[in-house]
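Okay, structure first, notes after.
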Amino acid sequence: MSSEPRTWTVRLGIEFDGTGFRGWQVQPTGRTVQGEIEGALRKLTGADVRIAGAGRTDAGCHAAGQVASAVITTRLSPERLRMALNALLPGDVRIVEAAEADPEFHARFHAMSRAYRYLIVPRPTALRRLFAWVRPLRVGIEDLNRATRPLLGTHDFLAFSKQGGDARDTVCTVTRARWSNRGRVTRFDIVADRFLYTMVRRVVSTTIRAAEGGGGARTIRESLQALDRRAAAPPAPAHGLYLMRVRYPGFGWLPKERIDVVA
Numbered sequence: 256m257s258s259e260p261r262t263w264t265v266r267l268g269i270e271f272d273g274t275g276f277r278g279w280q281v282q283p284t285g286r287t288v289q290g291e292i293e294g295a296l297r298k299l300t301g302a303d304v305r306i307a308g309a310g311r312t313d314a315g316c317h318a319a320g321q322v323a324s325a326v327i328t329t330r331l332s333p334e335r336l337r338m339a340l341n342a343l344l345p346g347d348v349r350i351v352e353a354a355e356a357d358p359e360f361h362a363r364f365h366a367m368s369r370a371y372r373y374l375i376v377p378r379p380t381a382l383r384r385l386f387a388w389v390r391p392l393r394v395g396i397e398d399l400n401r402a403t404r405p406l407l408g409t410h411d412f413l414a415f416s417k418q419g420g421d422a423r424d425t426v427c428t429v430t431r432a433r434w435s436n437r438g439r440v441t442r443f444d445i446v447a448d449r450f451l452y453t454m455v456r457r458v459v460s461t462t463i464r465a466a467e468g469g470g471g472a473r474t475i476r477e478s479l480q481a482l483d484r485r486a487a488a489p490p491a492p493a494h495g496l497y498l499m500r501v502r503y504p505g506f507g508w509l510p511k512e513r514i515d516v517v518a
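Okay, so the sequence shown: first residue is 256 according to the numbering used here, each after it adds one.
Here it is as structure tokens:
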């Protein structure tokens, strides 16, 4: 611990169970992940601290690898800060990593890519009921992957965005979109430079609808080209979605200490 407080920029790696939250971003009412962490920082520093998150997840969504940044004044070292925050935070939020960052570092604006994962299970299960969509699939992984191919590259994802969302620019570049099986769990992994509200969840539901309906890649292509939200399916449930990690120039994928507990 330093003898005198100093002001520095902290980079946090965060995991959370989104079940009891109204999302990441502070809201006028209800619990949020950002609000919990800012409250803990207030207790530690005695000051109001605003944190910026790389991904603004919706209510009910989870994170295995959220990244956030803040400017703080404290005597604590990064590791002692991590431990102190975890002592104050509720059990559904954990700081898995804390590091001193460049003074200009901003978790959201400096992010190059974000990786999300969506989980689906074929039947109700006590252990997965809050952490995966219960949805029997009538098509195989190959059909889902074929349907997903038109998503790769740079496209206008307006059709997959939330009505009334605040995004003025709806163009995103997707570099990975892949379905796979791990035992009885079906996983959809997607990486892009940015995401719109409900985008991943609408991609999941629309891809399944397209593959099961026989339209496949053609349906996805037409949905993209329509630039009309009515062309996409309603979003898949929030509780199946996880923010997995975030990529930054000079660092690669963060957080480094993330434990992959998401099947």
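Quick reminder that beta carbons are idealized off the backbone N, C-alpha and C, glycines included.
Inter-residue CB distance, residue i and residue j (contact presumed, cutoff 8 Å)
| i | j | result |
| --- | --- | --- |
| G205 | L498 | Outside the shown range of the chain (256 to 518) lies residue 205, about which nothing can therefore be said. |
| A323 | A307 | 6 Å |
| R266 | A356 | 4 Å |
| V501 | A366 | 5 Å |
Residues bridged to residue i (per DSSP)
| i | result |
| --- | --- |
| L509 | V501 |
| T441 | I375, N436 |
| S368 | R502 |
| W388 | I375 |
| L496 | Y373 |
Limits of the beta strand (DSSP E) - the one that residue i falls within
| i | result |
| --- | --- |
| G320 | 317-329 |
| T409 | 408-411 |
| R349 | 348-356 |
Unbroken alpha helix (DSSP H) run spanning residue i, endpoints
| i | result |
| --- | --- |
| L267 | Premise fails: L267 lies in the beta strand (DSSP E), 261-271, not in any alpha helix (DSSP H). |
| G471 | 471-481 |
| E293 | 288-300 |
| D398 | 396-403 |
| R449 | Taken as a continuous stretch (DSSP letters only), R449 belongs to no alpha helix (DSSP H), as it is neither H nor E. |
| R311 | Unbroken run through R311: none, as it is neither H nor E. |
| L340 | 333-343 |
| E359 | That residue, E359, is in no alpha helix (DSSP H); it is neither H nor E in DSSP. |
| R464 | 454-468 |
9 Å Cβ cutoff met for residue i and residue j
| i | j | result |
| --- | --- | --- |
| D448 | T462 | no |
| P405 | A339 | no |
| E270 | A319 | yes |
| F314 | R261 | A small fix is needed here, since residue 314 is Ala in this sequence, not Phe. Result no, Cβ atoms of A314 and R261 do not sit closer than 9 Å. |
| I375 | G495 | yes |
| D347 | T287 | no |
| E477 | A488 | no |
| V458 | A432 | yes |
| R378 | V389 | yes |
Three-state secondary structure (DSSP) of residue i
| i | result |
| --- | --- |
| T274 | helix |
| T430 | strand |
| A414 | helix |
| T423 | For the record, residue 423 in the displayed sequence is Arg; it is not Thr. In this structure, R423 counts as coil in the three-state DSSP scheme. |
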